[in-house]
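In the working numbering, the protein residues as written are 59 to 509. Each residue gets a CB set at the ideal place from its N, CA and C atoms; glycine is no exception. Okay, structure first, notes after.
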């Protein structure tokens with residue numbers, strides 16, 4: 059799959075090494091990130107004790123968009139992901155905008171996770187300067203990322219087992235609290251709050267819970283490195299989301315039954331409240347597990363960001379030097395270095411809180427584009443190889459779900475998000491203008507050749 063590159067004019071392909079099992083753990087590890095360790099309490103505050111309901115709703119909504127990603131990733135297994143799909147469907151300006159939103163969200167997410175790694179969970183074990191921890195942490199993740207996708211995903215597999223074990227531990231401890239008579243299973247049916255009806259409570263909780271399932275979209279950026287994407291990707295994607303959904307529902311039920319809803323809602327570490335209620339596991343052990351979850355999420359998001367930058371550069375949407383691949387490791391080392399540097403700058407300065415609240419909004423803009431691009435790209439006949447195809451109603455419902463979730467986002471987040479998306483839109487117009495200067499108007503803007 060040759061494409062453009064700095065220096066030679068040909069972008070070297072990435073090495074195909076990912077099996078279905080490795081891809082499954084890649085997606086599961088990214089979805090089972092640090093979010094679930096802190097969001098259960100916030101969901102309880104919005105929805106009441108029946109936190110499993112908004113978690114289930116969020117899973118169903120995520121599956122709609124996941125089906126659109128499965129179709130496009132198996133039809134066009136390219137590292138550019140959403141940016142590439144949008145470019146094929148709508149042209150380079152929209153392609154840049156989608157990629158910009160994904161890239162901004164990914165870089166901010168890595169920076170936020172780095173700050174989270176250096177925060178409360180780490181201080182439970184050792185006290186170190188925050189800036190030093192974030193810089194060293196990101197540098198080590200970048201080195202692992204640059205060493206190779208196979209090595210990174212193997213580390214992810216081990217880390218995913220650890221963080222999954224931590225969630226199973228919470229489920230077991232919550233069940234133990236109930237069995238010994240200190241819990242209350244009646245809270246599992248309490249839906250709604252004093253200020254919100256059950257329906258409004260579910261929608262408000264689903265917005266927060268939706269963030270817990272974010273991460274599946276990053277896997278399309280490693281489809282190019284998957285051995286058999288048409289077969290492996292849908293199995294790994296839907297299998298990982300189903301596993302995460304069952305895990306989240308069980309964790310939410312265990313936490314709600316074991317700990318009063320008010321206590322969960324007021325805690326920065328709600329799952330740690332379950333550990334404390336059970337009294338059988340040292341809190342420091344659970345803090346270590348949480349650190350593994352945070353580090354794993356940062357590693358996988360860093361992989362996504364670097365592959366996305368590499369793919370966008372290959373389409374001429376970012377500087378060409380980002381297409382350089384290490385001659386031995388076959389990894390996009392310049393894209394890894396660039397995205398890590400920006401994440402480190404954001405993490406070190408501590409100004410990421412301005413962007414963190416816009417993460418879901420940025421991703422909803424991307425998901426809306428992907429869901430509609432599925433329908434547009436079905437008019438193409440260039441993809442002769444077999445690929446996954448979602449029922450037509452699924453991308454339509456996926457687009458509608460993005461709009462519905464966007465209406466539940468707070469106005470202050472919209473203000474920040476619109477500023478960021480406005481910057482992306484302006485840059486997208488600039489990209490289109492520059493391309494039209496290079497390409498005669500009569501020729502139009504060429505679509506990527508599917509390399």
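Cβ-Cβ distance between residue i and residue j below 8 Å
i: residue 215; j: residue 344; result: no
i: residue 364; j: residue 390; result: yes
i: residue 461; j: residue 280; result: no
i: residue 102; j: residue 314; result: yes
i: residue 196; j: residue 402; result: yes
i: residue 278; j: residue 421; result: no
i: residue 268; j: residue 463; result: yes
i: residue 81; j: residue 294; result: yes
i: residue 355; j: residue 88; result: yes
i: residue 142; j: residue 369; result: yes
i: residue 375; j: residue 154; result: yes
i: residue 224; j: residue 351; result: yes
i: residue 400; j: residue 165; result: yes
i: residue 274; j: residue 249; result: no
Burial state of residue i, where buried means 16 or more other Cβ atoms lie within 10 Å
i: residue 407; result: exposed
i: residue 487; result: exposed
i: residue 212; result: exposed
i: residue 450; result: exposed
i: residue 253; result: exposed
i: residue 110; result: buried
i: residue 283; result: buried
i: residue 469; result: exposed
i: residue 185; result: exposed
i: residue 453; result: buried
i: residue 245; result: buried
Straight-line gap, residue i to residue j (C-alpha atoms, nearest Å)
i: residue 228; j: residue 320; result: 18 Å
i: residue 342; j: residue 182; result: 6 Å
i: residue 308; j: residue 330; result: 16 Å
i: residue 209; j: residue 361; result: 12 Å
i: residue 108; j: residue 230; result: 18 Å
i: residue 66; j: residue 200; result: Since pLDDT at residue 66 reaches only 48, below the 50 mark, its modelled position is unreliable, and no value is offered.
i: residue 479; j: residue 371; result: 20 Å
i: residue 287; j: residue 446; result: 10 Å
i: residue 510; j: residue 135; result: In the structure as shown, the chain begins at 59 and stops at 509. Residue 510 is therefore absent and cannot be evaluated.
i: residue 484; j: residue 494; result: 16 Å
i: residue 170; j: residue 276; result: 17 Å
i: residue 305; j: residue 261; result: 20 Å
i: residue 116; j: residue 207; result: 30 Å
i: residue 492; j: residue 173; result: 37 Å
i: residue 112; j: residue 467; result: 15 Å
i: residue 131; j: residue 471; result: 30 Å
i: residue 508; j: residue 145; result: Here the model assigns residue 508 a pLDDT of 36, short of 50, so the residue's position is not dependable, and the following value carries that caveat. Cα to Cα, the separation comes out at about 12 Å.
i: residue 346; j: residue 97; result: 18 Å
i: residue 433; j: residue 127; result: 12 Å
Which of helix, strand or coil DSSP assigns to residue i
i: residue 338; result: coil
i: residue 499; result: Confidence at residue 499 is low in this model, with a pLDDT of 44, below 50, so its placement is unreliable and no value can be given for it.
i: residue 213; result: helix
i: residue 322; result: helix
i: residue 183; result: coil
i: residue 150; result: helix
i: residue 90; result: coil
Residue i Cβ short of 7 Å to the ligand SAM heavy atom set
i: residue 265; result: Inclusion of the ligand SAM in the displayed structure is not the case, the ligand content being empty and no account of it being possible.
Sequence ranges, alpha helix (DSSP H) only - wholly within the stretch 344 to 409, length at least 4: 391 to 407
Alpha helix (DSSP H) runs wholly inside the stretch 223 to 303, at least 4 long, in chain order: 256 to 271
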